[in-house]
Amino acid sequence: MRPAMHPSVSRRALLSTFAGLGAAGYFQGLLRDAFAKDEKSPLFVLLWNPHGCAPELWRPRAADGSAALEKGWVLDFDPDSSLGPLEPHKDSLLIVEGLDFSCNYQGDNWAVSTAHDGAKVATITGRAPRAPSDQLRTTGPSIDHVIARALGTRPFYFKPLGYPLNFTSVSYDDAGEEIPFEYDLLESLRDWFGVGPAAQKAEERVDADSAVLSFLQADARRLRSRLAAPERLKLDAHLDALHVLEQRLKRPVKADCAAPGLPEVSLGDEGYLRTVMDFSLQLLNCGLTECITLNLDVGQTMPWIGLGDVQMHDDVAHQYRPDDPLRVRQLSMLQRWYASQVAYFIQSLKSLPQGSGSAYDNTVILWASEFGDPGRHMHTQAPYVVAGGAGAHQKGRFLQLGTAGEYADATRPHNHLLTSVGNLFGLELPGFGDARFPGELSGFLG
Amino acid sequence: MCGATDGLTPRMWRMLNEMAPRLASSPWARLAWALVLSGCNAAPAPATVPTPSAGGPPSAAAAGSSGAGGTPPSLTQPLAEGRVRRLTRLEVENTLTDLLGEDVGALAKSLEADSGATKFSTAADRGVSSNYVSDLNHLAELAAPHLAQALEAERLNDACAKDATSADACARSFIAAFAGRAWRRPLAETEIDELSIVYEAGKNTAGPEAAPGASLQAGLENVVRALLQAPSFVFRTELGAPGSTDAGVPLTPFEAAAALSYGLTASPPDEELRQWAENGEPLTADVLRAQGRRVLAMHPERYARQAEVFVREWLGIDLGSPAWRKDTTLYPRATPELKAALDRETTLFLRQWSVGSSLRELLTVPRGYVSRNNAWLYGVADDSPLFSDGAPEFSAVDVDPRTRAGVLTLPSFLGSLAHEATSSPVLRGVAVMRKLLCLQPPPVPAVIPPLPPAATSATPTTRARYAQHTSVAFCAGCHQAFDPMGYTFEHYDALGAYRDQENDAPVDSSGALVDGDSSVPQVADAVELASLLASSSHVHNCFVRQAYRFTSGQTESDVDADALSARTQAFEADDLNVAELLLDWVASLAAQPRSPSLGEP
Chain A
7 MRPAMHPSVS RRALLSTFAG LGAAGYFQGL LRDAFAKDEK SPLFVLLWNP HGCAPELWRP
67 RAADGSAALE KGWVLDFDPD SSLGPLEPHK DSLLIVEGLD FSCNYQGDNW AVSTAHDGAK
127 VATITGRAPR APSDQLRTTG PSIDHVIARA LGTRPFYFKP LGYPLNFTSV SYDDAGEEIP
187 FEYDLLESLR DWFGVGPAAQ KAEERVDADS AVLSFLQADA RRLRSRLAAP ERLKLDAHLD
247 ALHVLEQRLK RPVKADCAAP GLPEVSLGDE GYLRTVMDFS LQLLNCGLTE CITLNLDVGQ
307 TMPWIGLGDV QMHDDVAHQY RPDDPLRVRQ LSMLQRWYAS QVAYFIQSLK SLPQGSGSAY
367 DNTVILWASE FGDPGRHMHT QAPYVVAGGA GAHQKGRFLQ LGTAGEYADA TRPHNHLLTS
427 VGNLFGLELP GFGDARFPGE LSGFLG
Chain C
62 MCGATDGLTP RMWRMLNEMA PRLASSPWAR LAWALVLSGC NAAPAPATVP TPSAGGPPSA
122 AAAGSSGAGG TPPSLTQPLA EGRVRRLTRL EVENTLTDLL GEDVGALAKS LEADSGATKF
182 STAADRGVSS NYVSDLNHLA ELAAPHLAQA LEAERLNDAC AKDATSADAC ARSFIAAFAG
242 RAWRRPLAET EIDELSIVYE AGKNTAGPEA APGASLQAGL ENVVRALLQA PSFVFRTELG
302 APGSTDAGVP LTPFEAAAAL SYGLTASPPD EELRQWAENG EPLTADVLRA QGRRVLAMHP
362 ERYARQAEVF VREWLGIDLG SPAWRKDTTL YPRATPELKA ALDRETTLFL RQWSVGSSLR
422 ELLTVPRGYV SRNNAWLYGV ADDSPLFSDG APEFSAVDVD PRTRAGVLTL PSFLGSLAHE
482 ATSSPVLRGV AVMRKLLCLQ PPPVPAVIPP LPPAATSATP TTRARYAQHT SVAFCAGCHQ
542 AFDPMGYTFE HYDALGAYRD QENDAPVDSS GALVDGDSSV PQVADAVELA SLLASSSHVH
602 NCFVRQAYRF TSGQTESDVD ADALSARTQA FEADDLNVAE LLLDWVASLA AQPRSPSLGE
662 P
């Protein structure tokens, strides 16, 4: 399931992509062409939830309740175990514990890079915020953005709710700018299904579109030639986006594709996230996108969890203490609800026929959260789960890289995992994000 | 961690904030912030700290500058870099409206939201994402058929449809004129030739048997598709004449015209401004200011909208964002209708304010706008004559000046700075600190002691719950810088409704203005706080900074301190006139020479 690289993409070129923005757009354009020849390109789904986890009830256990080994563990070992709902799917999971956002503990920014802002920036970019006065942006893209571009697809980025004031998204473009998420399902319905190139276009219309695209590319190159770095990056990004547009306009939409119905529930209802997931699944089913990032945050108040009228972040996540069994259990109940949503998504993908199997067989899911230790907002032991049938990585495995709560060194940067996930899509990245942490995750491929 | 401490003095907070950019690259930063975070007040103070406060003595640069009538202070240190600035959503909307009509302008709302480092939509560092380009493609598809207004503007008539030759001649004329308006500059012949190819490709979609008029329409639609998606439409340039290698390159007259017009009204240059650009007058700040003043006078409704955007983004009022959500079990009146009413009220408040445009009025006027949906927030009865048949949906009301004062007590602002279930002294206090005083609170520490649960008998009020921030030394080190200001808003619940009691306990809204001066004036409530803020030189200086960020699209640096100080003095001398302040910034920025283009093929 690992598409062959385009022969003209050199490792040196990709190194330059890794080190900075450089020629990223151009070379990633070549990668897209390589994928375009593969009729069955893989799907990528990134799921992100706030609040972190309680490792005590999150990590797998052996059947007898003892510490889990790499294989042969159970997830539903306790009524409140965080990952319990994923038990039926565990053979396809790679669970990784012990990764740190090392990028946020390096250099001069360490004092301001931790807590929410740094976590939001680092989780899927592998980079620290730009500066103390510029904490919500970084210096490069998130892994979903890079994969979406490699797939030549328009990604669907959605969050039901952001944190007040500063959380607009968790995805970043090449320049390290937040990519605004969609958040209104009705608007998304109109945008994605209201108008689309569903009908076969006349040849003349295709030629007219082609003439427009050629003109746009010429204009972008002309303007780019007048700019010095870093302004030139804006036009590099524009050229790359035009390439993506070109690919999208050529893509057929399945003739039998139907738009999802109007949402019957709204934010504040337990079922709202599933409605968002159903919408996402239909996008995949229709071939309208091959890359989805969902922020699973549905707000501070979640009465259906069973914790009563409490604030999920202030009263649950903040109150977590590893030595307080009640607090551990409360946080795990919250995390378990997120896991139930992930399980629903997985089961839905398994029910979606694709080729001789299901869409799940052709999907890589990366599930991430913002903290390892939410009570202290630490960036250690960040929880990650890789799911899906696609990819040559290990499945049914638990990689426990460490359990230390305090940041000790730079031996377990989460950049390694992001690199490995990117390389499942044939990117052949020498590293991802902070250039001080090159390499793949040991044990990822077995 | 240090032992019990009273934390940092307000003065030290201001000093640390001013030091922050330079300290950030130093190991001392770690020490300083670590001491702050640990609640220790032994942070080493710098020997000298430049104070951009208007309260200090004017510098030489400031003394040489004057207010509204003189040459604006220059912000140039090294020459500013040539750059391109992506149009904001509002700028796209206004540009499309002027080109193709209001219906087409409204399509701009489908573009992804603006975001950038300064948190103003005008941030100069924004580029485009794949989503943006995709949205723009969609927009152009919908816009292209709506050519009627453009055809009329460019005087294309039935004669153009007489035969194919006439149609093509009209098309070339249309392309040059329409594209010049869309791109805010005359096009090069090469560009017109390329658009002619686009036109020919579009003509073919009408079919080989199509009448000349139909082919012309189809071809021009394809041209409009191309023009509206082009980087030259999306980005306005600040580069100067192509090929110039002079040490300081002035903007071209067309670039300056666009900078003025977009800066003040979020709109493309009007006919007179275009004509002025074609005449090629030398660009001085005075000439630019005169043109800018004319633009303001000619397009007050566009300025009003721009001023509204500025204030909304400055204060973070965005009811369209997911941030404004309330727990409907506790706040059953938090309906979509209420949200829409509060949003509309904000618009009416700010647009009315923009007429006089005084910062003092913005912060102190006791005015509200009520409809049936938000009247209860002001104690206006549902059966008020304000809502009789035939009355406008919204009416301006003078609210009790003891309970409301200016934009900071608008429910939209207060509700944006609250949690789903409770008010938030922290969010509100930090907002005053950041947005009105330009002080930066330290980052959230790694270890955060828990607050008591909400609304227990021991802590019936939000204030009592948050009191731990000042009773625990560890917390007080940071919270004393903003909680005293946040507490003054405790008369307003999570929706911004006024309350005297919370959970049957009396509300205590006493607090203080913590602005960095050694004296910390005490206030009884938010109304008193607003009054102090309106006359604070720190606030005036901060507002001048915010206006700079909005108009320039970038954050000021230390070396701008003299210019900012001078501008603050001019702003105060001008009775805090915001329109004049924006005009001066825009004009001085448009007059600024740029470093020569270093682009490569």
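Chains A and C, in that order, give the protein sequences.
The opening residue of the first sequence carries number 7 in our numbering; numbering runs sequentially from there.
The opening residue of the second sequence carries number 62 in our numbering; numbering runs sequentially from there.
Where is the CB? At the ideal position from N, CA and C, for every residue including glycine.
In the DSSP assignment, find the unbroken alpha helix (DSSP H) run with residue i in it and report its ends.
{"i": "isoleucine 258 of chain C", "result": "250-264"}
{"i": "tyrosine 278 of chain A", "result": "278-291"}
{"i": "arginine 421 of chain C", "result": "420-425"}
{"i": "tryptophan 385 of chain C", "result": "Segment: none, tryptophan 385 of chain C is in no alpha helix (DSSP H) and carries neither H nor E."}
For residue i, collect the residues of the same chain with a Cβ closer than 7 Å to its Cβ; drop the 5 residues on either side in sequence, then sort them by chain order.
{"i": "valine 189 of chain C", "result": "Arg147, Val295"}
{"i": "alanine 365 of chain A", "result": "Leu49, Leu290, Leu355, Leu358"}
{"i": "valine 348 of chain A", "result": "Leu53, Leu92, Trp373"}
Would you give the residue range spanned by the beta strand (DSSP E) that residue i belongs to?
{"i": "threonine 299 of chain A", "result": "297-301"}
{"i": "isoleucine 311 of chain A", "result": "Premise fails: isoleucine 311 of chain A is in no beta strand (DSSP E) and is neither H nor E."}
{"i": "proline 389 of chain A", "result": "388-393"}
For a contact defined as C-beta to C-beta under 9 Å, what are the partners of residue i on chain A?
{"i": "asparagine 283 of chain C", "result": "Ala214, Asp215, Ala217, Val218"}
{"i": "glutamine 615 of chain C", "result": "What glutamine 615 of chain C touches in chain A: nothing, since even the nearest Cβ is about 11 Å away."}
{"i": "histidine 480 of chain C", "result": "Pro170, Gln306, Gln317, Asp320"}
{"i": "alanine 220 of chain C", "result": "Residues of chain A passing the Cβ test: none, with the nearest at roughly 25 Å."}
{"i": "phenylalanine 296 of chain C", "result": "Leu229, Lys240, Leu241, His244"}
{"i": "aspartate 388 of chain C", "result": "Gly274, Gly305, Gln306, Thr307, Asp315"}
{"i": "valine 259 of chain C", "result": "Ala214, Ala217, Val218, Ser220, Phe221"}
Please list the partners that residue i has in chain A, where partner means a Cβ-to-Cβ separation under 8 Å.
{"i": "valine 189 of chain C", "result": "Lys240, Ala243, His244, Ala247"}
{"i": "isoleucine 378 of chain C", "result": "Neighbours of isoleucine 378 of chain C on chain A: none; closest Cβ ~11 Å, over 8 Å."}
Look up residue i in the DSSP assignment and say whether it is helix, strand or coil.
{"i": "alanine 141 of chain C", "result": "strand"}
{"i": "alanine 271 of chain C", "result": "coil"}
{"i": "isoleucine 378 of chain C", "result": "coil"}
{"i": "isoleucine 153 of chain A", "result": "helix"}
{"i": "serine 613 of chain C", "result": "helix"}
{"i": "proline 331 of chain A", "result": "helix"}
{"i": "leucine 447 of chain A", "result": "coil"}
{"i": "glutamate 188 of chain A", "result": "strand"}
{"i": "glycine 682 of chain C", "result": "Any question about residue 682 of chain C goes unanswered here, given that chain C covers just 62 to 662."}
{"i": "glutamine 101 of chain A", "result": "Residue identity check: residue 101 of chain A is isoleucine in the sequence provided, not glutamine. Three-state DSSP puts isoleucine 101 of chain A in a strand."}
{"i": "glutamate 563 of chain C", "result": "strand"}
{"i": "glycine 429 of chain C", "result": "strand"}
{"i": "glycine 274 of chain A", "result": "coil"}
{"i": "isoleucine 236 of chain C", "result": "helix"}
Kindly list the residues whose CB is nearer than 8 Å to the CB of residue i, restricted to its own chain and excluding five residues on each side of it in sequence; keep chain order.
{"i": "leucine 593 of chain C", "result": "Leu574, Pro582, Val584"}
{"i": "alanine 608 of chain C", "result": "Phe371, Val639, Leu642, Leu643, Trp646"}
{"i": "serine 195 of chain C", "result": "none"}
{"i": "alanine 436 of chain C", "result": "Ala442, Asp443, Ser445, Leu447, Phe448"}
{"i": "proline 472 of chain C", "result": "Leu403, Glu406, Asn435, Leu438, Tyr553, Leu556, Gly557, Ala558"}
Taking residue i as the query, report the chain C residues whose CB atoms sit under 7 Å from its CB, ordered along the chain.
{"i": "serine 185 of chain A", "result": "For the record, residue 185 of chain A in the displayed sequence is isoleucine; it is not serine. By Cβ distance, chain C contributes Ser190, Asn192."}
List, in order along the chain, the chain C residues whose C-beta lies closer than 9 Å to that of residue i?
{"i": "arginine 155 of chain A", "result": "Ser191"}
For residue i, I'd like the list of residues in its chain whose CB is within less than 6 Å of its CB, leaving aside the five on either flank, ordered along the chain.
{"i": "aspartate 347 of chain C", "result": "none"}
{"i": "phenylalanine 438 of chain A", "result": "Gly132, Asn421, Leu424, Thr425, Gly428"}
Taking residue i as the query, report the chain A residues whose CB atoms sit under 7 Å from its CB, ordered along the chain.
{"i": "leucine 248 of chain C", "result": "Ordered by position in chain A, no residue passes the 7 Å Cβ test against leucine 248 of chain C, which lies about 10 Å from the chain."}
- request: Say whether the stretch 249-267 of chain C touches the stretch 211-231 of chain A, bearing in mind that this needs 3 or more beta-carbon pairs closer than 8 Å, one atom from each stretch.
  value: yes
query: Does the stretch 219-229 of chain A touch the stretch 182-193 of chain A, meaning 3 or more C-beta pairs lie closer than 8 Å?
result: no
query: Can you find at least 3 beta carbon pairs, one from the stretch 532-551 of chain C and one from the stretch 404-415 of chain C, that sit closer than 8 Å?
result: no
message: I want to know whether the stretch 325-332 of chain A touches the stretch 63-78 of chain A - three or more CB-CB distances under 8 Å.
response: no
query: Do three or more CB pairs link the stretch 400-408 of chain A to the stretch 149-167 of chain A at distances below 8 Å?
result: no
query: Taking contact to mean at least 3 C-beta pairs separated by less than 8 Å, is the stretch 410-426 of chain A in contact with the stretch 444-451 of chain A?
result: yes
task: Could you tell me whether the stretch 281-293 of chain C touches the stretch 198-213 of chain C, where touching means 3 or more Cβ pairs closer than 8 Å?
output: yes
- request: Say whether the stretch 620-633 of chain C touches the stretch 307-320 of chain C, bearing in mind that this needs 3 or more beta-carbon pairs closer than 8 Å, one atom from each stretch.
  value: no
- prompt: Using 8 Å as the threshold, is the stretch 426-436 of chain C in touch with the stretch 449-462 of chain C, meaning 3 or more CB pairs across them?
  reply: yes
message: Is it the case that the stretch 292-299 of chain A contacts the stretch 45-64 of chain A, given that we only count it when at least three CB pairs across the two stretches are under 8 Å?
response: yes
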